[in-house]
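Going down the list, the protein sequences come from chains Y and G.
My numbering numbers the first residue of the first sequence as 1 and each following residue consecutively.
My numbering numbers the first residue of the second sequence as 1001 and each following residue consecutively.
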Amino acid sequence: MSRAQALQPPCEAVVRQAIEWSLRLQVHPRDSRLYEQCQRWRGLAAEHERAWQRVQALSGELSEQFAALPATGVAIEALEQSQQRLQRRQALKLLSGVAVLGCAGWFARDLAPLQQWRADYATGIAQRSTFHLADGTSLQLNTDSAVQHDVDERRRSIILTRGEILLDTATSHPTEGRPVLQVHSDHGVFETLAGRFVVRRDELQTRLSVITGEVLVRPLNGRPVQARPGQDYRVSANQAHLVADPDMDASAWIDGLIVTRGMRLHDFLAEVARYRRGRVVCADDIADLRLSGVFRLQDTDKLLAVLPQTLPVRVEYRTRWWVTLRRHA
Amino acid sequence: MPSHNQGVTTLYLDHHRWLHAWLHGRLGNAADAADLVQETFVRLLNRRERLELKTPRAFLRTVAKGLVIDHWRRGEIERAYLEALAQRPDLESPSPESRELVFELLERIARMLDGLKPKVRQAFLLAQCEGLSHPQVAARMGISLRSVERYVADALYHCYLLRYGA
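Pasting the structure below:
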């Protein structure tokens, strides 16, 4: 290859293809057919080969760097922790002025003025944020949540794409002639004219908890149901199912709490895990222990640390974000 | 380039006191602020790009802000690393010299990954640092294998741009 040719940088599409090939071969290092296909792709154009060589050199450099890092768990832990704290500091101390830092990502989005319609709102893990929509509705996002919304005089529509939200569409506003507020999730649509309610999207179902007002639940393929204040529903695409005796308070997170009544430890830890990075799990033989109480979400390490006071368990940290609970010996 | 040096000198004479006050406000510490004032101007001297002399303070603030973030990042990395180490009594504590090398390496990696979305960054780190396979990363993060592949590819492309320029 001549030097002049080598100076022509490959375009993005080709570089991304080279990365694809490189990753595929890393996953299947002994797949000779894949190797031949890759060879063929490299031969198709000089640009392909240049991109390939660069990607290979980069991968080599990266492997070398990462191989020099200290023991498993410690390095990644240090990198993730420091990054989170750094973002917090940047947001607090630098974003307070005029600057907006691109690298703050989701954090910056939370702090940005949110007058744009059709915008995405999102929170990171362990964050809560409140937004006020154009029609006066207040929208609060729990940890690791995201919505798209489209709200004006004619249409009030919110799509819950991830996580959990509290909606408060005030009754003090004149409701006459106002369009119905609709919340869409994977499993159905939730409609109200005025009310305060929580919608949470899980993988297999959507949960609804009505605090005030009435909410019409329309499962995608099922019969609509009117949900009243104090009621909790689990909604799948086929039906809305009233939860008679909920094992936790669906709206306690608004006050930064988890409040449980006889909740399985396994389920409780799954709740806690939503508020922190990494894994929180328990051994099978303690999964069915029951837990009732009020727990503060502000510091989930502290929260976990109090569990041995009420249950026969001990908390084991493999890394800061890999926690396992075991039966206390 | 004497004109470049002259520009930096003018900037320094006119604004270094102001910059020190600004940095002091950010860092809450006069000695650190003085260090970063000096670093800001050293960086300008070493850089060959055009000085923004029409809005000198905004320009200085931009350069200094990058240094403040580097300064914080270094501090946070050291703290987080020592904390992570403290939770692993099974590991031997490294000597101060090798610790210093680790800090530098971690800092370089952290800067390289700056700007990646949290999930992209996490997927990439789990694969690179922990040596997890893509299906393992998917299980650990609770996301699909396809997402992991996309995230890792995105992270590599990000590194590629840093390494070779756009």
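Built from N, CA and C at the ideal position, the CB exists for glycine as well.
Y/Val-235 places its beta carbon 9 Å or farther from that of Y/Gln-226.
Look at G/Ser-1003 here: in three-state DSSP terms it is helix. The Cβ atoms of Y/Arg-89 and G/Trp-1072 lie closer than 9 Å to each other.
For a cut-off of 8 Å, the C-beta gap from Y/Leu-181 to Y/Arg-207 is around 18 Å, too long to register as a contact. When DSSP states are grouped into helix, strand and coil, Y/His-187 belongs to the coil group. Taking C-beta separations shorter than 6 Å and ignoring five residues to either side along the sequence, the partners of Y/Arg-162 in its chain run Ser-145 and Ala-146, following chain order.
Cβ neighbours of Y/Ser-22 within its own chain (closer than 8 Å, five residues either side excluded): Trp-52, Val-55, Gln-56 and Ser-59. In terms of CA proximity to Y/Leu-289, Y/Leu-311 leads the group Y/Leu-311, Y/Tyr-275, Y/Ile-254 and Y/Gln-84.
Among the bridge pairs identified by DSSP, Y/His-149 is matched with Y/Ile-158. For Y/Ala-240, the uninterrupted beta strand (DSSP E) segment begins and ends at 240-243. Here the alpha carbon of Y/Asp-168 sits roughly 11 Å from the alpha carbon of Y/Asp-135. Boundaries of the beta strand (DSSP E) harbouring Y/Ser-129: 129-132, taken from the DSSP string.
G/Arg-1108 sits away from Y/Gln-17, with the two beta carbons spaced by 9 Å or more. Considering only beta carbons, the part of the segment 61-80 of chain Y lying closer than 9 Å to chain G consists of Glu-61, Leu-62, Ser-63, Gln-65, Phe-66, Ala-68, Leu-69, Pro-70, Ala-71, Thr-72, Gly-73, Val-74, Ala-75, Ile-76, Glu-77, Ala-78, Leu-79 and Glu-80, in chain order. Taking 9 Å as the cut-off, the beta carbon of Y/Trp-321 is found closer than this to the beta carbon of Y/Glu-80. With a cutoff of 9 Å on beta-carbon distance, Y/Val-74 and G/Leu-1085 are scored as near each other. Apart from sequence neighbours up to five positions away, the residues of its chain that approach G/Leu-1036 with a beta-carbon distance below 6 Å are Leu-1023 and Leu-1067, ordered along the chain.
Annotation for G/Gly-1066: the continuous alpha helix (DSSP H) segment containing it runs 1056-1086.
Leaving aside the five residues that flank G/Ala-1033 on each side, the residues in its chain whose CB is nearer than 6 Å to its CB run, in chain order, His-1020, Leu-1023, His-1024 and Leu-1027. Residue pairing for Y/Phe-197: DSSP places it in a beta bridge opposite Y/Leu-167 and Y/Val-210.
Annotated three-state conformation of G/Tyr-1157 is helix, per DSSP. Inclusion of Y/Val-215 and Y/Glu-164 in the CB contact set at 9 Å is not warranted, their separation being larger than that value. Here the alpha carbon of Y/Gly-43 sits roughly 16 Å from the alpha carbon of Y/Ile-19. Looking at G/Thr-1010, G/Ser-1095 and G/Ile-1077, the one whose alpha-carbon comes closest to that of G/Glu-1104 is G/Ile-1077. Contact annotation, Y/Val-294 with Y/Leu-307: C-beta distance approximately 13 Å; criterion of less than 8 Å not satisfied. Around the beta-carbon of G/Leu-1125, 16 or more other beta-carbon atoms lie within 10 Å, marking it buried. Listed by position along chain Y, the residues whose Cβ is nearer than 8 Å to that of G/Leu-1045 form an empty set, because the closest Cβ is around 24 Å away. When the beta-carbon positions are compared, Y/Gly-213 and Y/Gly-188 stay at least 9 Å from each other. The beta-bridge partner set that DSSP reports for Y/Pro-219 consists of Y/Gly-188. A distance below 7 Å between beta-carbons, with the five flanking residues on each side excluded, links Y/Val-281 to the following residues of its chain, in chain order: Leu-269 and Thr-324. Nearest to Y/Arg-276 by C-alpha distance, out of Y/Ala-126, Y/Arg-30 and Y/Glu-191, is Y/Ala-126.
Under DSSP, Y/Thr-319 forms a beta bridge with Y/Trp-322.
Interface criterion not met: the Cβ of G/Glu-1100 is under 9 Å from no Cβ in chain Y. Taking C-beta separations shorter than 7 Å and ignoring five residues to either side along the sequence, the partners of Y/Cys-38 in its chain run Trp-21 and Leu-25, following chain order. G/Leu-1067 has a beta carbon lying at 9 Å or more from every beta carbon in chain Y. Taking all protein chains in view, the Cβ of Y/Asn-142 is crowded by 16 or more other Cβ atoms within 10 Å, so the residue is classified as buried.
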